[in-house]
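K.L.:
My questions all concern the structure below.
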């Protein structure tokens, strides 16, 4: 049982590329922390630095009150589940799980107890004599989990453990992992690029972008109050609609609010916060849209529309909508026709305002 | 082929059968000759069907030896061939898997230099440095020893390159998982890398066994005693006499014995053989 | 290509792992090779007691010998014949075995086993069949009015040596050609057929060009084979004779050093051979570099 603390952790590769640009956060004892971000953002590198598989250029990593910067992976009291599972292909399931314990000279009876217990929890008891290649993807994933839990480490590290599974199995395993972690109450750090996985698993969510932390918090807070336009467009699907507004537009939209006065900025509205209605809401926003495309997925419908008055100069961010396009998410299967002109309205409390560079949220 | 014409297949079968016939014919004749007595063979009118002297000829070749032409029984030479072929194959595998492990899994000063030192040996077959190498072996007092037959042939780049290539395909995560599981360089090698390399090792063994067994020039140079010859070099000595006195039926029996082990290896371990051949050369 | 996951903490271990191979390489490769170079600039007396530095004299002597040019020519003829014939024959068999025949795997086994026969043994087998007085096939040749005698006639001796070398090499070339043919996607050939190309046309316009990397690789390997591995055939069958008709460059290094005791001259020849091998390897390197990306 341990907490994990990162203090100004940096990683610079020989050649000068700065992969991790100073990261601070703390994962409390027993918490489930998810690092999420687009590929190349440094999340896997950071996890591997915690594991000891990558060196730290500067800063400290502290596991359970001990600075582990110079400590070998085997001695950090961590266990890791790899994306491709990294099972030893020539060893049986049993030996895959027992290997790390044997290397630590644990007595065989105790190894057996732990392996059998892990196998029981993971429903692998009948497969202990099989080799990894005789298992399905989901079963291999469970063996990789088993190898981690028999060690009873202070910290579990997961490096995109579900990305090699098909969609259905991925959801099932996601639930399994969360249940298992609750039951064992082991501090965990989990890397994924899937924002849905991140939202559903995390106690603390760390959103990363190009080697930096964009926002840390609990998932719902991050969803409701994204700190930057990057977070706003990365968390939530389909992404938040972002529209640059001129200073005068902001003044007229948010009349009377001193914090919104003066400068240009970016307005954000989540697709699900719109209502299609002829009535405007006092203090809210109303957009005149021409319907371009419609996606019906059953329980809900996505309406893709173009704003009639295009506003120039949109900052480009991953996941952001093309200029002028707005997505509206409405419940049910009833939808306007293509080419139809509609009015999408959203109340004041669902509007997000960011600084013009997208780096700062302006509280309203 | 895309067309389905019966004559197409018939032509193919005919050509291939002809090929197999050409390939097999010299060996068939040798086998036949090894079953006749000396007079029948030397007479120049040897039939193409087996004679009745097979047991006698093979017994003499293996245990007794010919009269003047091959004083040494082939049994001893077969043993020499086995020892040196297995020695060469095992030695090569041992030193090259270790050097490949060092080059792939460690970072250290002069790593690339070491790799190049090994790699360049591809360009120096024993044939271009015969006498100086002979002198080194003589100075080391290894003439007429198994060490002299084996050691100069076990260092070459092929094995190192083959293992290096295989190691590169082993996922990095296996090493990382091993490190987290508390395995150092020795344990990782013994518990993970070596078991995964079994097929590569076997393939290399098959190729190097054949290579070692079929060595000619080197054993010819460094063995002066007949009892240290290999079977491949021994055959030639059976023929170096005035022809009429050469005991051809014994020479052919010896040739058959000399072919048997490596050919058996190719036929019964064909998969490993093909794999080894393709991978050491590609 | 480099591993990113490595052991960083071990300082001496990698050197210990490399030591056996490096020691053997230095003792049996670099030291003798450098001695060969050194020796090629020296002359030794008959007892090997005194040696003096003579500069390029050994090389001058070597290139003044008509025998050396003859050995070069012999090597050229020999390698052209062996490489050309064995490649052609192997390609013919491989294209047949690539057809969708039921018995193809069995034929493959029957074709490849001569690879395992030692060159010297292969030479002895062919020598026996074509032996002038007792060879099974020598009598029919005589019957055709040919005065067949490889022991006395240089051309006959060369023919015999070439046959043995080709016989032995077909297996190797067959295997690589078959692998090359089988790696050509069926769909490409089917597309050719739909485009109206008949079997022969398809072979020359589609299959053969796609096979050219294999062919080129085999060409180089075959030349190296002819240079070095055929030593056993020549020594067992003809001993370089009759009258030097089958003395190749490698055989001459051996014969001059062993029989003639001219170590300086032999060393100079070794150096010339080394240069040729390095040139050949440089060509081959194009194909090796795929696995050596340093």
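Chains as they are written, first to last, in this note's numbering: chain A, 132 to 495; chain B, 190 to 471; chain C, 40 to 333.
A virtual CB, placed ideally from N, CA and C, is assigned to each residue, including glycine.
All values reported here derive from a predicted model rather than from experimental measurement.
So, at 7 Å on beta carbons, what are the nonlocal neighbours of residue 244 of chain C in its own chain, with the 5 sequence-adjacent residues on each side left out?
P.N.:
Only 236 meet the Cβ criterion.
K.L.:
Would you list the residues sitting across from residue 156 of chain A in a DSSP beta bridge?
P.N.:
In the DSSP output, where bridge partners are listed per residue, residue 156 of chain A has A:137.
K.L.:
Cutting at 6 Å between CB atoms, please list the residues of its own chain near residue 211 of chain C, excluding the five before and the five after it.
P.N.:
Closer than 6 Å at the Cβ level, and outside the excluded window around residue 211 of chain C, lie 154.
K.L.:
Report yes if the CB atom of residue 160 of chain A is closer than 9 Å to the CB atom of residue 133 of chain A, and no otherwise.
P.N.:
The answer is yes: Cβ separation under 9 Å.
K.L.:
If you reduce the DSSP assignment to three classes, tell me which class residue 106 of chain C lands in.
P.N.:
It is helical.
K.L.:
Rounded to whole angstroms, what's the CA-CA distance from residue 295 of chain B to residue 304 of chain C? Just pull it up for me.
P.N.:
Cα to Cα, residue 295 of chain B sits roughly 44 Å from residue 304 of chain C.
K.L.:
What does the Cβ neighbour count give for residue 402 of chain B, buried or exposed, with the cut at 16 atoms within 10 Å?
P.N.:
Burial call: buried.
K.L.:
Use the C-beta contact count for residue 312 of chain A: other C-beta atoms within 10 angstroms, 16 or more gives buried, fewer gives exposed.
P.N.:
Per the 10 Å Cβ criterion, buried.
K.L.:
Residue 379 of chain A lies in the alpha helix (DSSP H); which residues open and close that run?
P.N.:
Segment 378-384, the alpha helix (DSSP H) holding residue 379 of chain A.
K.L.:
For residue 186 of chain C and residue 174 of chain C, what's the separation of their Cα atoms in angstroms?
P.N.:
Between residue 186 of chain C and residue 174 of chain C, the C-alpha separation is close to 13 Å.
K.L.:
What three-state label does DSSP hand residue 46 of chain C in the structure shown?
P.N.:
Note: residue 46 of chain C maps to strand in three-state DSSP.
K.L.:
Looking only at DSSP bridge pairs, what is residue 348 of chain A linked to?
P.N.:
Answer is A:336.
K.L.:
Can you pull out the residues from the segment 188-220 of chain A whose beta carbon lies closer than 9 Å to at least one beta carbon of chain B?
P.N.:
Per Cβ criterion, the list reads 203, 204, 205, 206, 207, 209, 210, 211, 213, 214, 215, 216, 217, 218, 219, 220.
K.L.:
To the nearest whole angstrom, what separates the beta carbons of residue 223 of chain B and residue 441 of chain B, a pair I think is in contact under 8 Å?
P.N.:
About 4 Å; that satisfies the 8 Å criterion.
K.L.:
Just reading off the alpha helix (DSSP H) that residue 238 of chain C is part of, what are its end residues?
P.N.:
First-last of the alpha helix (DSSP H) with residue 238 of chain C: 238-241.
K.L.:
Cβ of residue 278 of chain B less than 9 Å from any chain C Cβ?
P.N.:
With 9 Å as the cut-off, residue 278 of chain B does not count as an interface residue toward chain C.
K.L.:
With DSSP collapsed to three states, give me the class of residue 226 of chain B.
P.N.:
In this structure, residue 226 of chain B counts as coil in the three-state DSSP scheme.
K.L.:
When you compare each of C:124, C:281, C:224 to residue 203 of chain C by their alpha carbons, which one comes out closest?
P.N.:
Answer by Cα proximity: C:124.
K.L.:
Could you pull out every residue in the same chain whose Cβ sits closer than 6 Å to the Cβ of residue 451 of chain B, ignoring the five residues on either side in sequence?
P.N.:
So the list reads 399, 402, once near-sequence residues are dropped.
K.L.:
Are the beta-carbon atoms belonging to residue 420 of chain A and residue 475 of chain A less than 9 Å from one another?
P.N.:
Contact: yes.
K.L.:
My output table needs one value for residue 217 of chain B: the three-state DSSP class, helix, strand or coil.
P.N.:
Helix, per DSSP.
K.L.:
Between C:191, C:258, C:157, C:159, which lies nearest to residue 172 of chain C when the distance is taken from Cα to Cα?
P.N.:
The residue with the shortest Cα to Cα distance from residue 172 of chain C is C:191.
K.L.:
From the beta carbon of residue 344 of chain B, is the nearest beta carbon of chain C less than 9 Å away?
P.N.:
Yes, residue 344 of chain B counts as interfacial toward chain C.
K.L.:
With distances taken Cα to Cα, identify the nearest neighbour of residue 214 of chain B among C:134, C:240, C:312, C:169.
P.N.:
Nearest of C:134, C:240, C:312, C:169 to residue 214 of chain B, Cα basis: C:169.
K.L.:
Could you please give the first and the last residue of the uninterrupted alpha helix (DSSP H) stretch that includes residue 54 of chain C?
P.N.:
Unbroken alpha helix (DSSP H) run through residue 54 of chain C: 52-64.
K.L.:
Express the C-alpha separation of residue 160 of chain C and residue 228 of chain B in angstroms, rounding to a whole number.
P.N.:
Those two C-alpha atoms are separated by around 23 Å.
K.L.:
My guess is that residue 373 of chain A and residue 364 of chain A are in contact by the Cβ rule of under 8 Å, so how many angstroms apart are they, rounded?
P.N.:
Yes, residue 373 of chain A and residue 364 of chain A are in contact; Cβ-Cβ is about 6 Å, under 8 Å.
K.L.:
With a threshold of 7 Å on Cβ separation, who are the neighbours of residue 129 of chain C within its own chain once the five nearest residues in sequence on each side are excluded?
P.N.:
The answer, listed in chain order, is 209, 212, 213, 216.
K.L.:
Check the Cβ-Cβ distances between residue 264 of chain A and every residue of chain B, and say whether any is below 9 Å.
P.N.:
Chain B contact via Cβ: absent.
K.L.:
With a threshold of 9 Å between beta-carbons, can residue 316 of chain B be considered close to chain A, or not?
P.N.:
It does not: the Cβ of residue 316 of chain B has no partner Cβ on chain A nearer than 9 Å.
K.L.:
Which bits of chain A does residue 296 of chain B rub up against, with CB to CB less than 9 Å?
P.N.:
By Cβ distance, chain A contributes nothing, its closest Cβ being about 12 Å from residue 296 of chain B, past 9 Å.
K.L.:
Write down the C-beta distance between residue 141 of chain A and residue 189 of chain A rounded to the nearest angstrom, noting that I regard them as a contact closer than 8 Å.
P.N.:
About 5 Å separates the two Cβ atoms, so the contact holds.
K.L.:
Please return the same chain residues whose Cβ sits closer than 6 Å to the Cβ of residue 346 of chain B, not counting the five positions on each side in sequence.
P.N.:
Closer than 6 Å at Cβ, skipping near neighbours: 307, 308, 310, 311.
K.L.:
Going by C-alpha distance, which of C:70, C:53, C:222, C:289 is nearest residue 133 of chain B?
P.N.:
There is simply no residue 133 of chain B to check, as chain B begins at 190 and stops at 471 in what is shown.
K.L.:
Please list, in chain order, all residues of the same chain as residue 150 of chain A whose beta carbon is under 8 Å from its beta carbon, the five residues on each side excluded.
P.N.:
Around residue 150 of chain A: 142, 143, 144, 173, 176, 342.
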